[in-house]
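Colleague: If you read the protein sequences in the order shown, they are chains A and B. Just so you know, we're using my numbering here: the first sequence kicks off at 384 and counts up by one. Just so you know, we're using my numbering here: the second sequence kicks off at 17 and counts up by one. Each residue gets a CB set at the ideal place from its N, CA and C atoms; glycine is no exception. Keep in mind it's a predicted model, so treat the numbers as computed, not measured. I'd like to ask you about the structure that follows.
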Amino acid sequence: DGGITQSPKYLFRKEGQNVTLSCEQNLNHDAMYWYRQDPGQGLRLIYYSQIVNDFQKGDIAEGYSVSREKKESFPLTVTSAQKNPTAFYLCASSIDAVNTEAFFGQGTRLTVV
Amino acid sequence: DAKTTQPPSMDCAEGRAANLPCNHSTISGNEYVYWYRQIHSQGPQYIIHGLKNNETNEMASLIITEDRKSSTLILPHATLRDTAVYYCIVRVAYTGTASKLTFGTGTRLQVTL
């Protein structure tokens, strides 16, 4: 089945360690996005990519990094520079970066202890 | 992308219509109105979108005012499974621009028996 897959669903890390969250889509979509959601809050955009080998900072990019070497993959690295990394992370993709619907993964809940 | 304003919460009796308002008074002529919903701890789900005309699909109807400064999402017969946070978003419609797809805090709809 076509879709967008995030793994793992739950992730635990020690403070000070970098961690990479996986996001893969087989929908042949050009655009991909990463969001962060904190309890009781809306989604905040971290990074987005309009096309392969291109990505741009969203509203809260500090402490995060991404790569877009393949169309189907958009991994997010949460670095030790991110002050409050514990959150629910959501990845999405859309056919393009304009007026099309976005499809979301089921999210990764990251807990840093 | 234009900013949107939604009430933080609403209640609706099961079987009744749920009317969720959204204000987007600074919307530009080239921006679409999108609606998504997020059921607890899941990724958001696309519902519907429109530019100027009213739209209807199997999930909902979207009513956009003539001046496009506000819209209403209508769930015609709400069920308990429609309990979720509903997000209203506006997004550019022309190519050549990497559109951020920015979410606000949404409206928490509680459907009750």
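List the residues of chain B whose Cβ lies closer than 9 angstroms to the Cβ of Phe487(A), in chain order.
Modeller: Residue mapping note: residue 487(A) aligns to position 104 of the first sequence, counting from 1. What Phe487(A) touches in chain B: Tyr52, Gln54, Gln58, Gly59, Pro60, Gln61 and Tyr62.
Colleague: Kindly say whether His65(B), judged by its beta-carbon, lies nearer than 8 angstroms to any beta-carbon of chain A.
Modeller: Taking the second sequence and counting its residues from 1, one reaches residue 65(B) at position 49. Yes - at least one Cβ of chain A is within 8 angstroms of the one on His65(B).
Colleague: If you check the beta carbons only, do Gly425(A) and Tyr103(B) fall under 8 angstroms apart?
Modeller: Numbered from its first residue, the first sequence carries residue 425(A) at position 42. Numbered from its first residue, the second sequence carries residue 103(B) at position 87. Cβ distance < 8 angstroms, so Gly425(A) and Tyr103(B) count as in contact.
Colleague: Under a Cβ-count criterion, where at least 16 other Cβ atoms within 10 Å of its own Cβ denotes burial, should Asp421(A) be classed as buried or exposed?
Modeller: Locating residue 421(A) in the first sequence gives position 38, counting from the first residue. Exposed is the call here.
Colleague: What's the C-alpha gap between Ser463(A) and Gly399(A)?
Modeller: The residue given as residue 463(A) occupies position 80 in the first sequence. The residue given as residue 399(A) occupies position 16 in the first sequence. Their Cα atoms are separated by approximately 5 angstroms.
Colleague: Skipping 5 residues on each side, what residues in its chain have a beta carbon closer than 6 angstroms to that of Ile434(A)?
Modeller: Working through the first sequence from its first residue, we reach residue 434(A) at position 51. Once the five neighbours on either side are set aside, the close Cβ partners of Ile434(A) are Asp413.
Colleague: Taking 8 angstroms as the CB-CB cut-off, is Gln424(A) touching chain B?
Modeller: Here residue 424(A) refers to the residue found at position 41 of the first sequence. Answer yes: the Cβ-Cβ gap between Gln424(A) and chain B drops below 8 angstroms somewhere.
Colleague: So, under 8 angstroms CB-CB, Gly45(B) and His93(B) are touching, yes? Tell me the CB distance rounded to an integer number of Å.
Modeller: Taking the second sequence and counting its residues from 1, the one referred to as residue 45(B) is at position 29. Taking the second sequence and counting its residues from 1, the one referred to as residue 93(B) is at position 77. No, Gly45(B) and His93(B) are not in contact; Cβ-Cβ is about 34 angstroms, not under 8 angstroms.
Colleague: Considering only the alpha carbon of each residue, which of Thr128(B), Thr118(B), Asp98(B) and Glu71(B) lies closest to Tyr431(A)?
Modeller: As a first step, residue 431(A) must be located in the first sequence, where it is residue number 48. Nearest option by C-alpha distance: Thr118(B).
Colleague: Spatial neighbours of Lys454(A) within its chain, please: CB distance less than 6 angstroms, with the 5 preceding and 5 following residues excluded, ordered by chain position.
Modeller: The residue given as residue 454(A) occupies position 71 in the first sequence. Here the set comprises Val435.
Colleague: If we ignore side chains and look at the alpha-carbon of each, how far apart do Glu407(A) and Lys392(A) end up?
Modeller: Taking the first residue of the first sequence as 1, we reach residue 407(A) at position 24. Taking the first residue of the first sequence as 1, we reach residue 392(A) at position 9. Computed Cα separation, rounded: 13 angstroms.
Colleague: Check whether the Cβ of Leu4(B) lies closer than 8 angstroms to any Cβ atom in chain A.
Modeller: An answer regarding residue 4(B) cannot be provided, because it is not within the stretch 17 to 129 covered by chain B.
Colleague: How big is the Cα-Cα spacing for Glu445(A) and Gln22(B)?
Modeller: Mapped onto the first sequence, residue 445(A) falls at position 62. Mapped onto the second sequence, residue 22(B) falls at position 6. Looking at the two C-alpha atoms, the distance is approximately 28 angstroms.
Colleague: According to DSSP, what are the bridge partners of Gly120(B)?
Modeller: On the second sequence, position 104 is the one that residue 120(B) refers to. None, per the DSSP bridge assignment.
Colleague: How about Thr88(B): is its C-beta nearer than 8 angstroms to some C-beta of chain A?
Modeller: Position 72 of the second sequence, counted from the first residue, corresponds to residue 88(B). Output row for Thr88(B): interface = no.
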